[in-house]
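Written out below as structure tokens is the structure these notes cover.
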Amino acid sequence: MKNKSALPDADWHAAFDGSCSPNPGRCRIAGVLRHLPTGESFQWARNAGEGDSSDAEYQALIALLREMERHYQAGQSVRIQGDSQVVIQDVLGTASRPAAVLAAYREEAQAILSRFPHWQLRWVPRHRNQEADQLLRQPA
1 MKNKSALPDA DWHAAFDGSC SPNPGRCRIA GVLRHLPTGE SFQWARNAGE GDSSDAEYQA
61 LIALLREMER HYQAGQSVRI QGDSQVVIQD VLGTASRPAA VLAAYREEAQ AILSRFPHWQ
121 LRWVPRHRNQ EADQLLRQPA
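Using the UniProt record's numbering, you'd call the opening residue of the sequence shown number 1 and step up by one each time.
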């Protein structure tokens with residue numbers, strides 16, 4: 001599995017977000033997937049059971065990756081962003097200490113990412129993840 005350091009001309013741009021209220025509590029997840037060459041866009045938000053904020057963020061990332069699998073074609077590249085440093089560092093293996101409780105999520109996300117040869121996963125501050133964040137906050 002390899003994270004590209006930069007993909008300025010990626011075919012797909014994707015964003016995910018997850019939250020729970022209270023924490024732990026009810027999870028809600030959202031994602032946006034946009035194919036830049038055609039302008040085609042997919043977005044969703046839904047409830048995702050019970051858990052904590054890391055559960056919600058990981059569920060959002062995995063749901064986004066599964067949606068990406070449905071639309072991806074060989075040779076395309078995808079740039080994925082999220083505002084959870086915990087999840088992104090965990091997936092990339094840069095966390096100082098990987099959380100054992102997140103291992104199943106991490107393995108699933110890494111397995112899906114391994115099927116995409118050209119991808120970048122990066123953290124962005126919440127204010128730069130507005131589209132997914134706004135979807136997340138819409139009423140269920």
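Cβ atoms here follow ideal geometry from the backbone N, Cα and C, with glycine treated the same way.
- Each residue's CA atom was taken as its position, placing ALA103 and ASP90 some 9 Å apart.
- Inclusion of GLY31 and ALA45 in the CB contact set at 9 Å is warranted, their separation being smaller than that value.
- Take ARG126, set aside five residues on each side of it, and the residues of its chain with a beta-carbon closer than 8 Å to its own are ASP83 and ASP133, in chain order.
- Under the three-pair Cβ rule at 8 Å, the segment 63–81 counts as touching the segment 108–119.
- When the alpha-carbon of ALA56 is set against those of ALA100, ALA14, ILE80 and VAL86, the nearest one is in VAL86.
- For the set GLN130, SER41, GLY49 and ARG79, the Cα lying nearest the Cα of CYS20 is the one of GLY49.
- Ranked by Cα distance from ALA109, the first of GLN59, PRO24 and SER41 is GLN59.
- In terms of CA proximity to HIS71, LEU36 leads the group TYR105, LEU36, PRO139 and ILE88.
- Close CB contacts of SER41 within its chain, under the 8 Å cut and outside five residues either way in sequence, are with VAL32, LEU33, ARG34 and HIS35 (chain order).
- Taking ALA14 as the centre and dropping the five residues before and after it, the same chain places the C-beta of GLY31, VAL32, LEU33, ARG34, LEU64, MET68, VAL78, ARG79, ILE80 and GLN81 closer than 8 Å to its C-beta, in chain order.
- For VAL101, there is no enclosing alpha helix (DSSP H), as DSSP marks it with neither H nor E.
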